[in-house]
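Using full-length UniProt numbering, you'd call the opening residue of the sequence shown number 1 and step up by one each time. Every residue gets a Cβ at the ideal spot worked out from N, C-alpha and C, and that includes glycine. Worksheet: the structure to be examined is printed underneath.
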Amino acid sequence: MDLNGLARGISLRPATSSDKYFINTLYRSTRDDLRLIDGDEDFVETLIEQQCHAQTLGYENMFPHAFYFIVEKQQQSIGRVTLDFSDDAVHLIDIAFIPEARNKGYGESVLRALLLAAAKSCSSLILSVHQANWTAKKLYKKLGFNIDGFYPPYERMVWYPTKKEMMA
């Protein structure tokens, strides 16, 4: 999948074992919900660590052929993208950015590049989004995704390329 359509000075590279610390730190930054638990700080930190490990194992089991990428800006890691491919679809399993890189258009840039690459390969793009993630859902709808199913607490959204997009 060619992702040359990236903008805003960002790039994707395959994740390596040396990215583990960054990936764990990134995951921690996305779990403010767990920090609301009324409990000992060490307990909460251990819980977040366990959830990160569970997510990693879950992705490996559900998507054994997935590709893991690190999003970089000026060679600094700012996010991650996890993709899986089937015969006629690209599955966006995960996309996340560090707090300093959120709401700056980097996610939209990555998504636009994914849509362009999916269209060139005549594939749909499928993702799941938490029902309460209004910011992400607004972006996905803006980019042409439609709700395809409800799997509380998630919604499955799908984007289909037009014939014109497939021919470009």
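Q | At least 3 beta-carbon pairs within less than 8 Å: the region 105 to 122 vs the region 68 to 84 | A | Contact between the region 105 to 122 and the region 68 to 84 is present: 3 or more CB-CB pairs across the two stretches fall below 8 Å.
Q.
Going by DSSP, what residue range makes up the alpha helix (DSSP H) through residue 103?
A. Where residue 103 is concerned, there is no enclosing alpha helix (DSSP H), given that its DSSP letter is neither H nor E.
Q: Give, in chain order, every unbroken run of the beta strand (DSSP E) that is at least 3 residues long and sits entirely within the UniProt domain "N-acetyltransferase" (10 to 165).
A: 10 to 14, 67 to 73, 76 to 85, 89 to 97, 124 to 130, 146 to 151 and 154 to 159
Q. So, using beta-carbon positions, are residue 88 and residue 128 closer together than 8 Å?
A. no
Q | Cβ pair residue 158, residue 118 closer than 8 Å | A | Cβ distance not < 8 Å, so residue 158 and residue 118 don't count as in contact.
Q. Alpha carbon to alpha carbon, what distance is there between residue 66 and residue 60?
A. If you take the alpha carbons of residue 60 and residue 66, they lie about 8 Å apart.
Q) How close, in whole Å, do the beta carbons of residue 126 and residue 156 come, if the pair is a contact with beta carbons under 8 Å? A) 7 Å
**Q.** Status (buried if at least 16 other CB within 10 Å, exposed otherwise) for residue 18
**A.** exposed
Q.
For residue 37, count the other beta carbons within 10 Å of its own beta carbon; 16 or more makes it buried, fewer makes it exposed. Which is it?
A. It counts as exposed.
Q) Assuming residue 84 and residue 93 make a contact with CB atoms under 8 Å, what is their CB distance in whole Å? A) 6 Å
**Q.** Of the residues 130, 152, 150 and 113, the one placed nearest residue 161, counting alpha carbons only
**A.** 113
Q: Grab me the residues of residue 147's own chain with a C-beta within less than 6 Å of its C-beta, minus the 5 sequence neighbours each way, in chain order.
A: 155 and 157
Q: Could you say which of 133, 9, 42 and 57 lies nearest to residue 30 if we only look at CA atoms?
A: 133
Q: Give a yes or no on whether the C-beta atoms belonging to residue 48 and residue 34 are separated by under 8 Å.
A: Yes, the Cβ-Cβ distance between residue 48 and residue 34 is below 8 Å.
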